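Asks: Chains as they are written, first to last, in numbering that gives the first Met the number 0: chain P, 0 to 117; chain X, 0 to 117.
Quick reminder that beta carbons are idealized off the backbone N, C-alpha and C, glycines included.
As the structure is a prediction and not an experimental result, all values here were calculated from the model.
One structure, as structure tokens, below. Some questions next.
Number of protein chains: 2
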Amino acid sequence: MNDREHGTHFDPRFDSNGLVTAVVSDRAGALLMVAHMNAEAIAATQASGEATFWSRSRARLWKKGETSGNVLRVVEMRVDCDQDALWLIVDPAGPACHTGATSCFYRRVSGDTLDPIG
Amino acid sequence: MNDREHGTHFDPRFDSNGLVTAVVSDRAGALLMVAHMNAEAIAATQASGEATFWSRSRARLWKKGETSGNVLRVVEMRVDCDQDALWLIVDPAGPACHTGATSCFYRRVSGDTLDPIG
């Protein structure tokens with residue numbers, strides 16, 4: 000019996016950079032984006048109810064929508080079996096992708112070609 | 000204009016370990032698992048139509064269900080804006096989690112406590 004897998008204590012398994020993977024989808028099940036969270040980002044998300052990540056490129060805490068206004072209101076947060084990934088189910092205030100697309104996953108892969116989604 | 004973001008060429012942005020994040024959900028939008036893929040795993044998945052990952056713990060190619068039979072038949076593969084994450088929409092042949100749960104995300108996070116999902 001592995002406590003991290005079967006226990007009731009939230010004990011994120013951070014990688015060597017102090018991060019876990021955060022997967023964000025809306026209530027309808029559409030995947031919106033994938034990002035990373037450190038302990039501080041998790042705490043900020045839980046305190047504010049709005050998704051906050053760790054930006055690896057900018058090396059700072061990053062509240063999604065802090066400039067665009069397109070915040071992600073967290074409906075529910077789940078954790079996976081080995082606690083190295085989080086699933087955030089959110090109500091997005093606007094497009095989740097910095098490109099303006101509703102979701103970052105706006106292209107389908109066919110072989111080595113990408114096709115826009117519907 | 001960034002080709003990786005706006006182009007039609009599938010050009011995964013592998014990390015320093017040669018990996019991208021692979022997010023797997025079913026057609027209903029339930030998140031099943033999060034894993035990693037290298038170039039070989041992507042090629043194997045595309046060739047077989049069944050999800051194949053790179054196991055970091057075992058340092059080898061890992062076809063999901065290779066021992067359990069619980070393969071993940073890929074309905075569609077999408078890529079995100081900067082091409083460092085893949086979304087696999089699948090038909091699972093059985094429970095996706097090694098614990099026997101349908102999804103690896105079987106616990107909700109409430110503060111520092113985990114509650115089983117309904």
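Taking the continuous beta strand (DSSP E) assigned at residue 29 of chain P, which residues delimit it?
Replies: No beta strand (DSSP E) contains residue 29 of chain P, which DSSP labels as neither H nor E.
Asks: First and last residue of the alpha helix (DSSP H) that includes residue 2 of chain P?
Replies: Segment 2-5, the alpha helix (DSSP H) holding residue 2 of chain P.
Asks: By how many angstroms is the C-alpha of residue 45 of chain P removed from the C-alpha of residue 52 of chain X?
Replies: Near 31 Å, if we compare the C-alpha coordinates of residue 45 of chain P and residue 52 of chain X.
Asks: Can you find the residues in the same chain that come closer than 7 Å, C-beta to C-beta, to residue 115 of chain X, ignoring five residues on each side of it along the sequence?
Replies: Excluding residues within five positions, the ones whose Cβ falls inside 7 Å are 105 and 106.
Asks: Are any of the Cβ atoms in chain X nearer than 9 Å to that of residue 36 of chain P?
Replies: So, not an interface residue.
Asks: I want to verify the contact list: residues of chain X whose CB lies under 7 Å from the CB of residue 108 of chain P, in sequence order.
Replies: Within chain X, the residues near residue 108 of chain P are 9, 76, 77 and 78.
Asks: Pull up the DSSP beta-bridge partners for residue 19 of chain P, would you.
Replies: Residue 19 of chain P is bridged to P/36.
Asks: Looking at the structure shown, is residue 102 of chain X part of a helix, part of a strand, or coil, going by DSSP?
Replies: It is coil, neither helix nor strand.
Asks: Give a yes or no on whether 9 Å exceeds the smallest Cβ distance from residue 66 of chain P to chain X.
Replies: Not an interface residue.
Asks: With DSSP as the reference, identify every bridge partner of residue 52 of chain X, one or two as the case may be.
Replies: Answer is X/61, bridged to residue 52 of chain X.
Asks: Short check: CB of residue 84 of chain X to CB of residue 19 of chain X, under 9 Å?
Replies: Yes, the Cβ-Cβ distance between residue 84 of chain X and residue 19 of chain X is below 9 Å.
Asks: Within a Cβ cutoff of 6 Å, which residues of the same chain sit near residue 103 of chain P, ignoring the five residues on either side of it in sequence?
Replies: Once the five neighbours on either side are set aside, the close Cβ partners of residue 103 of chain P are 32 and 96.
Asks: Does residue 77 of chain X pass the burial test, meaning 16 or more other C-beta atoms within 10 Å, or should it be called exposed?
Replies: Residue 77 of chain X should be labelled buried.
Asks: Using the three-state DSSP reduction, which class does residue 67 of chain P fall into: helix, strand or coil?
Replies: Residue 67 of chain P: coil per DSSP, three-state reduction.
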